[in-house]
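Trainee: Below you will find the structure I want to go over with you.
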Amino acid sequence: MTLRAVVKGVGHYLPERVVPNAEFEKTLDTNDEWIRARSGIERRHFAAEGETTSYMATAAAQAALTQAGLAVDDLDAIIVATSTADLTFPSAATMVQAELGMTHGFAFDVQAVCAGFVFALSNANAMILSGQAKRVMVIGAETFSRIMDWTDRSTCVLFGDGAGAVLLEAQEGHGTSDDRGILSTDLNSDGRHKDLLYVDGGVSTGTTGYLRMQGNQVFRHAVEKLAATATTALERAGVTAKDVDWVVPHQANIRIIQGTAKKLGLPMENVVVTVQDHGNTSAASIPLALSVGHARGQIKEGDLLVTEAIGGGLAWGAVVLRW
């Protein structure tokens, strides 16, 4: 028998405030048509005062526990993927641990920007396969609205806030691609491209800073790298793109999503798309899409999924799993 990290439950949280594209017309030289044409985004959610990254992460985790029919005492670990933790330290994950009332196990953050959830899933999978944990709550949560330069129309209209959570549980499989659970992962990074997407603040500057992005350059890297990492992960799982029921991509830009699907030879009917409603929620976008896709009735038990993301670093990767 082969140990697998199987999805036991999913959940998400979105702030109450919904910001349509038209709201930006009041302060920027932009409009709804311009934003939709370049990104596919129609609206996004912005956190209110007091809605921190850890607050949203906790709410998403509670929703995943409820769906799984489990209690916090059943968890062994919590991993939060985020670039917008409440504080420099301690980690958002330990704050979630405290809010959930979990007084055992361990919790830590993973920082790989928009690829963070893929990296966190890979870490959780390794811990389960090594026997270090039986159940791991993997969360992506972001409040990117707090690192936006509201005078930069090329970035501030693209991002939103939210959180999604996936509860993984160790289960036995047969060692084939028919097993439920994570079948393969592929992680990559290349620090030479740091200046393409970064925040110009931190301990070296004494400021929080703002997100800066060379959008055209990021786009150029994205489609090629996302298709390549997804293909590698599929090969490692012993399946092909034709076997995939759903692509659940990082929701950054509809043109990147469409371009990646085309390179993989898959129709958009097989892609879970939420970017129009959430914008780019960075590390939260994949778990949000998984939870929403499951709630919509798109993702069903036994379906084969590939999920991929690219973010600042540059860092990128993919995970193949059977639901």
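Residue numbers (numbering that gives the first Met the number 0): 0 to 322. Cβ coordinates follow ideal geometry from the N, Cα and C atoms, glycine included. Note that the structure is predicted; figures quoted are calculated from it, not measured.
Using alpha carbons as the reference points, say which of A221, S290, T273 lies closest to K262.
Mentor: Ranking the options by Cα distance to K262, first place goes to A221.
Trainee: Using the beta-carbon count (16 or more within 10 Å), is R323 buried or exposed?
Mentor: The structure shown has nothing for residue 323, since the chain only spans 0 to 322.
Trainee: Apart from the five residues just before and just after P14, which ones in its own chain have a Cβ nearer than 8 Å to its Cβ?
Mentor: Cβ neighbours of P14 beyond the five flanking positions: H44, F45, A46, A47, E50, M55, D160, G161.
Trainee: Flag this pair as yes or no: are the beta carbons of G311 and L225 separated by less than 8 Å?
Mentor: Taking 8 Å as the Cβ cut-off, G311 and L225 do not qualify as a contacting pair.
Trainee: Beta-carbon within less than 6 Å of D244's beta-carbon, same chain only, minus the 5 sequence neighbours each way: which residues are those?
Mentor: If we look at D244 and ignore the five residues flanking it on each side, its Cβ neighbours are D302, L303.
Trainee: Could you compute how far the alpha carbon of E32 sits from the alpha carbon of K7?
Mentor: So the two alpha carbons sit approximately 40 Å from each other.
Trainee: In the DSSP assignment, find the unbroken alpha helix (DSSP H) run with G49 in it and report its ends.
Mentor: Where G49 is concerned, there is no enclosing alpha helix (DSSP H), given that its DSSP letter is neither H nor E.
Trainee: Say whether the stretch 192-211 touches the stretch 254-268, bearing in mind that this needs 3 or more beta-carbon pairs closer than 8 Å, one atom from each stretch.
Mentor: Because the criterion of three Cβ pairs below 8 Å is not met, the stretch 192-211 and the stretch 254-268 do not touch.
Trainee: Counting contacts by CB-CB distance shorter than 8 Å, is G180 in contact with chain D?
Mentor: Here there is only one protein chain, and chain D is not present.
Trainee: Bridge partners for R179 per DSSP, in chain order?
Mentor: R179 pairs with nothing; no bridge assigned.
Trainee: Assign S188 to one of three DSSP states: helix, strand, or coil.
Mentor: Strand, per DSSP.
Trainee: Under 8 Å, with one C-beta from each stretch per pair, do the stretch 268-288 and the stretch 148-159 reach the 3-pair mark?
Mentor: Yes, since at least three Cβ pairs between the stretch 268-288 and the stretch 148-159 fall closer than 8 Å, the two stretches touch.
Trainee: At the level of alpha carbons, what is the spacing between D194 and T142?
Mentor: Cα to Cα, the separation comes out at about 21 Å.
Trainee: Please name the residue, chosen from F88, V247, D75, A70, that lies closest to M267 on a Cα-to-Cα basis.
Mentor: When only C-alpha atoms are compared, the closest one is V247.
Trainee: Please name the residue in A114, L167, L289 whose C-alpha comes closest to that of L128.
Mentor: Selected option, being the one with the closest Cα: L167.
Trainee: Can you check which of these residues, A92, T52, Q131, K25, is closest to A4 by C-alpha distance?
Mentor: For the residues A92, T52, Q131, K25, the minimum Cα distance to A4 belongs to Q131.
Trainee: When you compare only the Cα positions, how much space is there between R134 and S38?
Mentor: Approximately 36 Å between the Cα atoms of the pair.
Trainee: Can you find the residues in the same chain that come closer than 6 Å, C-beta to C-beta, to L27, ignoring five residues on each side of it along the sequence?
Mentor: Closer than 6 Å at the Cβ level, and outside the excluded window around L27, lie R152.
Trainee: Under 8 Å Cβ to Cβ from S203, same chain only, skipping five residues before and after it: list those, please.
Mentor: Result list for S203: empty, nothing under 8 Å.
Trainee: Exposed or buried, which one is V17 when buried takes at least 16 other CB atoms within 10 Å?
Mentor: Its Cβ having fewer than 16 others within 10 Å, V17 is exposed.
Trainee: Evaluate L99 with the Cβ neighbour count: other Cβ atoms within 10 Å of its Cβ, from every protein chain shown; 16 or more gives buried, anything less gives exposed.
Mentor: Under this definition L99 is a buried residue.
Trainee: Could you check how far apart the C-beta atoms of P286 and I138 are, in whole angstroms? I think they sit under 8 Å.
Mentor: Their Cβ separation, rounded to whole angstroms, is 7 Å, which keeps P286 and I138 in contact under 8 Å.
Trainee: Alpha carbon to alpha carbon, what distance is there between T306 and A227?
Mentor: Cα to Cα, A227 sits roughly 12 Å from T306.
Trainee: Taking just the CA atoms, how far does T87 sit from R235?
Mentor: Taking the straight line joining both Cα atoms gives about 36 Å.
Trainee: Please state if the CB of V79 and the CB of M101 are separated by a distance shorter than 8 Å.
Mentor: It is not a contact, given that the beta carbons lie outside the stated cut-off.
Trainee: Tell whether a beta-carbon distance below 8 Å holds between A62 and G10.
Mentor: Result yes, Cβ atoms of A62 and G10 sit closer than 8 Å.
Trainee: Taking S82 as the reference, give the member of G214, A283, T150 with the closest Cα.
Mentor: It is A283 whose Cα lies nearest to the Cα of S82.
Trainee: Identify whether R219 lies in helix, strand or coil by the three-state DSSP scheme.
Mentor: Helix at R219.
Trainee: Taking only the alpha-carbon atoms, compute the straight-line gap between T1 and R321 and give it to the nearest angstrom.
Mentor: Those two C-alpha atoms are separated by around 14 Å.
Trainee: Could you compute how far the alpha carbon of H103 sits from the alpha carbon of M94?
Mentor: If you take the alpha carbons of H103 and M94, they lie about 13 Å apart.
Trainee: Which residues mark the beginning and the end of the beta strand (DSSP E) in which H249 is found?
Mentor: Neither: H249 is in no beta strand (DSSP E) and is coded neither H nor E.
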